[in-house]
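Asker:
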Amino acid sequence: MEIFDYGLEADSEEYDSTDSDTDFKPWSGVVHNTGWMGPAQPAHDKEVEDVFEATSLSLKEGVAMLREMADPTMIRMETPAHLLVAGTTLKNFQAHTLTILHHDYQKSKEVRRRNGMLLGQEMGTGKTIVTLALIASIPPIPGVPHLIVVPLSLVDVWESEIKKHMNPIPKYCVYSRKTRTLQQLKDYAIVIATYDKVSNEGTEYERTRASFEARRASSAHHEAPIRCNNTLATMSWNIVVADEGHAINNTQTQKHRSLDRLNSLYRLPLTGTPFANEYKSLQSYMAYLGVTPWEDENLFKKYFLFKRSKDISNQLLSSHVNAILAAVFASFTIRIRKTDLFEGRPIADFTEGVKFTYGHGLTENERRLQAKTRTLWDHGLRAHNKANRIGGFMEWKTALKDVGDARLGIVHHLCLKYRYSEEGDANEALGEKTANIPTEDIIDTMRKTKGTLSSEGQVNRVLLRAATKRSWRESSRIVVSMNIMRRHFEQHGWESQLVIFSDYLSALDVLENAILELFKDRVRIARYDGTVDAETRAAHAKAFQDGRINLFLATTKAGGYGLTLTKANGVLHLTEPWNPGAAEQCTARAIRIGTDHTVYVYVPYAHDSIERRIKLIAKMKLRKASKVVDPDASMRARMAEVSAYTREQLRSKMDEAKALSSEYNDRLEKKLRTAGSSQQDRFAVNDLLADLTDEELISAESELEKDFQELRPEADDVTVDASLLEG
C-alpha cells in the first residue's frame, strides 16, 4: 500500500490511499492534470485519434464561433444582479460575450475536446468586468472556489474591481506569501494568487512528487509517508482565470506547467495580445485548454512549424494552412478589438492615438557599437558576407550578447559599464568604474539612497546615476527624447501628462537625470518599476490620474499591463520591445475605452542600428498575427472554405504542409553537413537570426527604408537644442 500524506487533517479523507494503483492525485474522483472534476474522462490516444476528423470539427466550430460573435439576433444574458446592485451594467458586446462564455461553461461537465476558452479582448474592452460577470452568473459550488492568477502588480487592481463591481462583495482572499490549508481556501468564493505563488508551489509539487515516486520504487521506504502542503495543486477549482494569459504562452516554462497542473472545471486565460513571437505561442493555449488534437506540441510542429522551428520562426504559412490554423484558433477564442463594430456601431468610445516615429542619427561611439551586429540589420552587408554565415547561423551566445549591448548602448554607453544585476559586472573593479565620476556626484547620489545599498546591482545603479548626471548629453537617444518631450510640452502645455516606457531600468535612470537638469521644477516625476514597492506604485498611479504627476516613468515589465493611465496625452517608448504586442500593451495604458482626447505616441528610432532588425521582426510578427488572430475578410472566406473540406481534402492540404516542413528540414541538414561538423553545435538565435527568404527580407527592409525616409526630419539630430538648454 502506497501512502501519500498531505498533512491536511480533516481533508485527508478525500484522498483514498487504500488503492495501490491510484495515480498520484490529491482529489478522489479528479484526474490529475486534466482540468476536470467528477468521473475520470477517457484520455485521447494519439495513435488512435483521427487528427483530421478532430481538426475538421474544430474548423466548423471556429467558423461557427465567428458567426455567433457577429449574430445580432442571439438572445443575450442580462447583467448579473451582483453587478447591477453595485451600479455596473454590461455593454451590449460584453453581455454578448458573457452569454457565449456562460453557455460554454455549462457544457464543461460534458466529454468534449477542450476545457475552457481564451478571452482575447483587446486592452480596455472590459475583460475583467466580463470575467466577474461570469463568476457572478454561476451558482457557487460549496468548497470549490474560483482562482484568479495574476501578476503581482495586478493584485490590487483585481481587489479594487471586485469591490467596485460586485455587491454583495464575495468572500475572497489574496493567497500570496501566507500559507493556507485546503479547508481555509475552501471557505472562500474567490482566491487571488500571483503567478509567482503558483510557480513556486508548482516547483515544490514537482519536487515532492519525484520524492514520492522514488519512495514507491524503494522497498526500504515503501510505506513511509511524504507530506505535501501544496494547497493550490491539491485543491479543486471551479474557474481558473489566468489574467495576462500571454504569461503562459511557452509550454516549457514553470508558469505554464504549474498552471496546467491545477485541477479545474473550467479554464479562462485573458489576454489582449495572444500572439507573442511565433505560431507556437498559439499552441501553448491549445495545450493549456486541451484543444484536441493540437494540444500535442509535436503534432502541432509537424504541420504548422518546421521541425527546426527556431530557424524559421518568422516564415508565413501558406494561405490554406493559415486558414486552418486561424479557424482552429477561433474555435476556442473570443476575440474583440476596440475598432470592431457591434450592431453597426464601434464597440468602444475612444479616440485613436496618433503615432510619430522620430528617426535620429548616431554618434561615432554609438556607430562603432552597432557595427558588431551589422550583419543582422544590414541586408547588403549580410549578402556580401554570406560565406561567413550559413543560413542565418551564428554563435547564439555571442550574438545575444552583442544584440543586448547594441540595444542598451543606444540609450547610453555607460549603461553597458554599470549593468544592473547582469553577468560580468562582478569582475570589474569598483575603482575602475568610479575613476571618471566626479566625487561630489557620487556623494550626492549616495546620499539619496540613504545608505540602503546591499548588492552589486544597487551599487552600479548609484554609479550610473552619478556618472550620467552631466554625460547624458553623449547619448543621441536621450537627446532626441528630451527634444520630443520639450516639443510636446510646448505644444500641449506644461501641465500635460506623459508616460515613458523602456525595457531597461538603467535607461529610465539616465533619462531622469536629463529631465531633472533641464526641466527642473516644471515637471513632477513618478517612477513605476520593480524597485518601487507595491503600495508606492499604486500611489504613483493614482497621483498621475489625479493630475498631481505629469511624467510617469515605467518599465515595460512593471507598467505594461493592468494600469489605467488615461489622463496621459502622450506616450514615449524610449526603447521599443521586441514584441509589438508588448508595445501595444504599454500604449493601451493611456488609450482605453472612454478616452476622449488624442494621445500622441512617440517612438525614437535609429535606422542604422539593431533597431532596424527589431522593426523588421515586428512587421513579420504583425503579419503573422493578423492572418491568424485577426483575419481579414479574404482570410475569413478562406476559413469558411477549409471548414467545408472533406476529410480527404483536409488531409491533402495538411500533408502538403508536412511535406514542406520535411523538405526544408532536409535542405537545412544538408547545409549543416556541407558546412562541416563544427557547425553542428551552432544554433539559430530565435527571431534575430531567423532564416527569412531573400524575397521576404528585401520586401520588408524596403518598407523600412521607405518608412525611414518619411520620418520627421526635425528630430534627426544628436545635439541638444539651444532653446532646450536656455530653459
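Sequential numbering of the sequence shown, starting at 1, is according to UniProt numbering.
Beta carbons are placed, not taken as given, at the ideal position from N, Cα and C, and that holds for glycine.
Here the structure is a predicted model, which means the values were calculated and not measured.
#1: How many Å lie between residue 476 and residue 57 at the Cα?
#2: By the three-class DSSP mapping on this structure, what secondary structure does residue 408 have?
#3: What's the C-alpha gap between residue 613 and residue 376?
#4: Tell me the rounded alpha-carbon separation between residue 72 and residue 83.
#5: Here's the rule I'm using: 16 or more other beta-carbon atoms within 10 Å means buried, otherwise exposed. How should residue 583 be labelled?
#6: Mind checking residue 75: buried by the 16 CB within 10 Å criterion, or exposed?
#7: What residues in its chain sit with their C-beta under 7 angstroms from that of residue 169, if we drop five residues either side in the sequence?
#8: Give the list of continuous beta strand (DSSP E) stretches no shorter than 3 residues that lie fully inside the UniProt domain "Helicase C-terminal" (488-636).
#9: Express the C-alpha separation of residue 578 and residue 325 in angstroms, rounding to a whole number.
#10: Tell me the rounded alpha-carbon separation between residue 340 and residue 347.
#11: Only counting the same chain, and skipping five residues up and downstream in sequence, which positions put a Cβ closer than 8 angstroms to that of residue 171?
#12: Only counting the same chain, and skipping five residues up and downstream in sequence, which positions put a Cβ closer than 7 angstroms to that of residue 180?
#13: I need the boundaries of the alpha helix (DSSP H) containing residue 377, first residue and last residue.
#14: Which residues does DSSP list as the beta-bridge partners of residue 237?
#15: Between the stretch 592-600 and the stretch 612-629, can you find at least three pairs of beta-carbon atoms closer than 8 angstroms?
#16: Beta-carbon separation of residue 251 and residue 206 under 9 angstroms?
#17: Rounded to a whole number of angstroms, what is the C-alpha to C-alpha distance between residue 610 and residue 473?
#18: Tell me the residue span of the beta strand (DSSP E) that contains residue 252.
#19: Checking the sheet assignment: what are the DSSP bridge partners for residue 146?
#20: Kindly indicate if chain D contains any beta-carbon less than 9 angstroms away from that of residue 211.
#21: With DSSP collapsed to three states, give me the class of residue 479.
#22: Buried or exposed: residue 158, going by 16 or more other Cβ atoms within 10 Å of its Cβ?
#23: Could you check how far apart the C-beta atoms of residue 587 and residue 503 are, in whole angstroms? I think they sit under 8 angstroms.
#24: Which of the three DSSP states is assigned to residue 36 in this structure?
#25: Please say whether residue 193 and residue 148 have beta carbons closer to each other than 9 angstroms?
#26: Find out if the Cβ-Cβ distance for the pair residue 457, residue 244 is shorter than 9 angstroms.
#27: Could you tell me the alpha carbon to alpha carbon distance between residue 264 and residue 317, rounded to whole angstroms?
#28: Check each candidate in 406, 67, 202, 182 and name the one with the smallest Cα separation from residue 368.
#29: Please state whether the Cβ-Cβ distance between residue 581 and residue 557 is less than 9 angstroms.
Answerer: Taking the geometry as given:
#1: Locating residue 476 in the sequence shown gives position 476, counting from the first residue. Locating residue 57 in the sequence shown gives position 57, counting from the first residue. Straight across, the Cα-Cα distance linking residue 476 with residue 57 is about 55 angstroms.
#2: Position 408 of the sequence shown, counted from the first residue, corresponds to residue 408. Looking at residue 408 - three-state DSSP - the assignment turns out to be helix.
#3: The sequence position of residue 613 within the sequence shown is 613, counting from 1. The sequence position of residue 376 within the sequence shown is 376, counting from 1. Taken atom to atom, the span from the alpha-carbon of residue 613 to that of residue 376 is near 7 angstroms.
#4: Counting from one through the sequence shown, the residue named residue 72 turns up at place 72. Counting from one through the sequence shown, the residue named residue 83 turns up at place 83. So the alpha carbons of these two residues sit roughly 23 angstroms apart.
#5: For this step, residue 583 is matched to residue 583 along the sequence shown. Classification for residue 583: buried.
#6: Within the sequence shown, numbered from 1, the residue matching residue 75 stands at position 75. Answer is exposed; the Cβ neighbour count stays below 16.
#7: Start at 1 with the first residue of the sequence shown, and residue 169 comes out as number 169. So the list reads 162, 163, once near-sequence residues are dropped.
#8: When DSSP assignments are scanned along the UniProt domain "Helicase C-terminal" (488-636), the uninterrupted stretches of beta strand (DSSP E) that are 3 or more residues long and fall wholly within it turn out to be 498-502, 525-528, 551-555, 570-573, 600-605.
#9: Along the sequence shown, read from residue 1 onward, the residue named residue 325 stands at position 325. Along the sequence shown, read from residue 1 onward, the residue named residue 578 stands at position 578. Their backbone Cα atoms lie some 24 angstroms apart in a straight line.
#10: Looking up residue 340 in the sequence shown gives position 340. Looking up residue 347 in the sequence shown gives position 347. A direct Cα-to-Cα measurement between residue 340 and residue 347 gives close to 6 angstroms.
#11: Mapped onto the sequence shown, residue 171 falls at position 171. Answer for residue 171: 187, 188, 189, 190, listed in chain order.
#12: The residue labelled residue 180 in the question sits at position 180 within the sequence shown. Within the same chain, residue 180 has close Cβ partners 231.
#13: The sequence position of residue 377 within the sequence shown is 377, counting from 1. Following the DSSP letters along the chain, one finds residue 377 inside the alpha helix (DSSP H) bounded by residues 374-377.
#14: Position 237 of the sequence shown, counted from the first residue, corresponds to residue 237. DSSP lists 264 as partners of residue 237.
#15: When C-beta atoms of the stretch 612-629 are compared with those of the stretch 592-600, fewer than three pairs fall below 8 angstroms, so the two segments do not count as touching.
#16: On the sequence shown, position 251 is the one that residue 251 refers to. On the sequence shown, position 206 is the one that residue 206 refers to. No.
#17: Counting from 1 along the sequence shown, the entry for residue 610 is found at position 610. Counting from 1 along the sequence shown, the entry for residue 473 is found at position 473. Those two C-alpha atoms are separated by around 21 angstroms.
#18: On the sequence shown, residue 252 is found 252 positions in, with the first residue counted as 1. In the DSSP assignment, residue 252 falls outside any beta strand (DSSP E), carrying neither H nor E.
#19: Numbered from its first residue, the sequence shown carries residue 146 at position 146. DSSP lists 190 as partners of residue 146.
#20: In the displayed structure, chain D is absent; only one protein chain is listed.
#21: For the purposes of this step, residue 479 is taken as residue 479 along the sequence shown, with counting starting at 1. In the structure shown, residue 479 sits in a helix (DSSP, three-state: H, G or I).
#22: Position 158 of the sequence shown, counted from the first residue, corresponds to residue 158. Buried, since its Cβ has 16 or more Cβ neighbours within 10 Å.
#23: Along the sequence shown, read from residue 1 onward, the residue named residue 587 stands at position 587. Along the sequence shown, read from residue 1 onward, the residue named residue 503 stands at position 503. Between residue 503 and residue 587 the Cβ distance is about 15 angstroms, and since that is not below 8 angstroms, they are no contact.
#24: Numbered from 1 along the sequence shown, position 36 holds the residue referred to as residue 36. In this prediction, residue 36 has a pLDDT of 36, which is less than 50 and means its spatial position is unreliable; what the coordinates show is noted afterwards. Judged by DSSP in its simplified three-state form, residue 36 adopts coil rather than helix or strand.
#25: Here residue 148 refers to the residue found at position 148 when the sequence shown is read from its first residue. Here residue 193 refers to the residue found at position 193 when the sequence shown is read from its first residue. Yes, they are a contact pair.
#26: Stepping through the sequence shown from its first residue, residue 457 is reached at position 457. Stepping through the sequence shown from its first residue, residue 244 is reached at position 244. Between residue 457 and residue 244, the C-beta spacing is not below 9 angstroms.
#27: Taking the first residue of the sequence shown as position 1, residue 264 is located at position 264. Taking the first residue of the sequence shown as position 1, residue 317 is located at position 317. In a straight line, the C-alpha of residue 264 is about 34 angstroms away from that of residue 317.
#28: In the sequence shown, counting from the first residue as 1, residue 368 sits at position 368. Checked all of 406, 67, 202, 182; the closest Cα to residue 368 is 406.
#29: Locating residue 581 in the sequence shown gives position 581, where the first residue counts as 1. Locating residue 557 in the sequence shown gives position 557, where the first residue counts as 1. No, the pair does not count as a contact, with Cβ atoms beyond the cut-off.
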